[in-house]
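As you go down the protein sequences, you meet chains D and A in turn.
Its first residue numbered 1, the first sequence is counted upward by one per residue in this note's numbering.
Its first residue numbered 245, the second sequence is counted upward by one per residue in this note's numbering.
Where a beta carbon is used, it is the ideal one built from N, C-alpha and C, also for glycine.
Quick caveat, the model's predicted, so the values are computed rather than measured.
Working notes, beginning with the structure itself.
2 protein chains.
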Amino acid sequence: MISREGGIACYQQLSGILHKQIEEGEFRPGKQLPTETELSRRYKLNRHTIRQAIGRLQSEGLVYTIKGKGTFVANSKISYKVSRKTRFTTSVLDVGLSPDARLLDSYEISAGSELSRKLNIKSSDKVVVLEILRFVNKIPFCHTTSFLSSDRFPDIQAHIKGSFSLYELLKKHYGIEAMRASSSFEVSLPESSDMDMLQISSKVPVLIVKSTSKNSKGDIVEYCITRFRGDLCSITVNFNGEGR
Amino acid sequence: MISREGGIACYQQLSGILHKQIEEGEFRPGKQLPTETELSRRYKLNRHTIRQAIGRLQSEGLVYTIKGKGTFVANSKISYKVSRKTRFTTSVLDVGLSPDARLLDSYEISAGSELSRKLNIKSSDKVVVLEILRFVNKIPFCHTTSFLSSDRFPDIQAHIKGSFSLYELLKKHYGIEAMRASSSFEVSLPESSDMDMLQISSKVPVLIVKSTSKNSKGDIVEYCITRFRGDLCSITVNFNGEGR
DNA sequence: TCCCTTAAGTTGTCTAAACATCTGGACATG
DNA sequence: CATGTCCAGATGTTTAGACAACTTAAGGGA
């Protein structure tokens, strides 16, 4: 089964084999893979080598492991849509899943050079920071850090408590309809805070989306950084203005 | 330096330390990190543990390693822009870098169920597949697989040879102006073909963008899958129709 | 001078072994 | 019946050592 001559590393061969078996439905979503010791026996490889192979499958989002229990086949990715107008709550409801959110923290800081550029304000101006953890079907899905000018949104910290959606809040209390102006996409491995909040291992990449929103006149309303679980989502962007 | 009691794994502590040192400019881009054996001595950790820490930095795109030479600090990410109208060549020129492309392969297949849905054609229809490798400053940057209906673009395989940009070709030969309609973003670890073509190790994630382009009447022109080096790029999407 | 060999240094892969930490069930105790 | 304890089995981390593959530079022979 595993060739030692081909010049291809054993762990790469094994992860390829398991990848194929999962793809072909040999192991169904939710089902447990053979244990590391079992795979070690079956393929005549050291457990350490087995772990390298499984580590790759984890990073690909194909499987997840629970310490003390085992390794399981993951479900397929959630297709998450973004456009100028769509937001988290509507996007998740659209695909028939149940969204939820929790405000982790809110505080005020001085803008500094980078944020002042992003928000187009003075670097001495105050900025409200909102940290929100969002769930899909009770599973942590993404973590958003929002930055808004304190001057333009006075008392927003008081209003946000108990509110579901930040965008509804902006609309109702301040009469502003925020629309996504640009988003940048990056990839990284999780920092330890990501691992805690999103409940993932160090091998699952995170998709980092940095977005700027503007109001109808073109003024910058919000800058936010969202970190998605890479194993759970595929993000779709629609380029036709109205979006869906 | 490294605590054995805190409950935080040594390799995580070390990757945190190195991450900070790089961020603070202790190691400049392009400069070599201490060798694994040197770090092993310095932090009193096994070389295997050192490698786990460096593996994380690789996945974060902070460093890259060359077998037999060493580990080096990576340059900052290229900001790659996409919108309805921007394309690879213009986007790279915009940031002052030099783009290049090479046609790896072109062939014809039957659409099948998935492609027929993506291109809105019959599943028995023929589809032209173009595989293109793109470079920035001579460095492999992304790999694109394009699918186009053979019926709508006869002889495209003959025309593509020697042509720089697929989109100019569509415009000149077929009078069609292709515009990006939607793109989806996913994360994964590289397959072995990615590792070969993009010249990356197994620890560097790839950013997978699947795009559909339409003509001015709204007919689907092209479906393509592009796999970017996650350590090299951040992709920015502009939601205002005209884009830049 | 030019080319080849050699050796040292570096990263890549694999094995072996030990201990830590977590899960789940069996079992004893109240 | 409820609870706590213990143990087997699973994954997580770390160490030690070996060899392979690659890079670079030094040295030797034509």
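Which of helix, strand or coil DSSP assigns to residue i
i: residue 257 of chain A; result: helix
i: residue 443 of chain A; result: coil
i: residue 325 of chain A; result: strand
i: residue 40 of chain D; result: helix
i: residue 471 of chain A; result: strand
i: residue 252 of chain A; result: coil
i: residue 31 of chain D; result: coil
i: residue 2 of chain D; result: coil
i: residue 207 of chain D; result: strand
i: residue 24 of chain D; result: coil
i: residue 486 of chain A; result: A caution first: residue 486 of chain A carries a pLDDT of 43, below 50, which makes its placement in the model unreliable, though a value can still be read off. In the structure shown, residue 486 of chain A sits in coil (DSSP, three-state: anything other than H, G, I, E or B).
Short CB-CB distance (under 8 Å) between residue i and chain D
i: residue 429 of chain A; result: yes
i: residue 482 of chain A; result: yes
Exposure label - residue i; buried when at least 16 CB within 10 Å
i: residue 269 of chain A; result: exposed
i: residue 1 of chain D; result: exposed
i: residue 299 of chain A; result: buried
i: residue 250 of chain A; result: exposed
i: residue 140 of chain D; result: buried
i: residue 474 of chain A; result: buried
i: residue 339 of chain A; result: exposed
i: residue 137 of chain D; result: exposed
i: residue 13 of chain D; result: buried
i: residue 363 of chain A; result: buried
i: residue 281 of chain A; result: exposed
i: residue 302 of chain A; result: buried
i: residue 342 of chain A; result: exposed
i: residue 81 of chain D; result: buried
i: residue 218 of chain D; result: exposed
i: residue 156 of chain D; result: buried
i: residue 29 of chain D; result: exposed
i: residue 110 of chain D; result: exposed
i: residue 104 of chain D; result: exposed
i: residue 194 of chain D; result: buried
Any non-hydrogen atom of the ligand ZN within 7 Å of residue i CB
i: residue 392 of chain A; result: What this structure holds is no ligand at all, so the ligand ZN is not there to describe.
Listed by chain order, chain A residues near residue i by CB distance under 7 Å
i: residue 235 of chain D; result: 428 and 429
i: residue 60 of chain D; result: 432 and 433
i: residue 56 of chain D; result: 433 and 446
Interface partners of residue i on chain D, CB under 7 Å
i: residue 357 of chain A; result: Here the premise fails: no neighbours, minimum Cβ distance about 16 Å.
i: residue 291 of chain A; result: Chain D residues near residue 291 of chain A: none, gap ~14 Å exceeds 7 Å.
Interface flag, residue i vs chain A, CB-CB below 8 Å
i: residue 68 of chain D; result: no
i: residue 12 of chain D; result: yes
Under 9 Å by beta carbon: chain D residues contacting residue i
i: residue 474 of chain A; result: 186, 187, 188 and 205
i: residue 436 of chain A; result: 8, 12 and 16
Neighbouring residues, chain A, relative to residue i (Cβ below 8 Å)
i: residue 199 of chain D; result: Correct list: empty, because the minimum Cβ distance to chain A is about 16 Å.
Closer than 8 Å at the beta carbon, the chain D residues around residue i
i: residue 327 of chain A; result: 239
i: residue 264 of chain A; result: The premise fails here: residue 264 of chain A is roughly 12 Å from chain D at the closest Cβ pair, so nothing lies under 8 Å.
Contact list for residue i against chain A, beta-carbon separation under 9 Å
i: residue 77 of chain D; result: 430
* Asked: Whole beta strand (DSSP E) runs in the stretch 40-112 of chain D with 3 or more residues, listed along the chain?
  -> 63-66, 70-73, 78-82 and 99-110
* With a floor of 4 residues, list each alpha helix (DSSP H) that falls wholly inside the stretch 117-201 of chain D, ordered by position along the chain. => 156-160, 166-174 and 192-198
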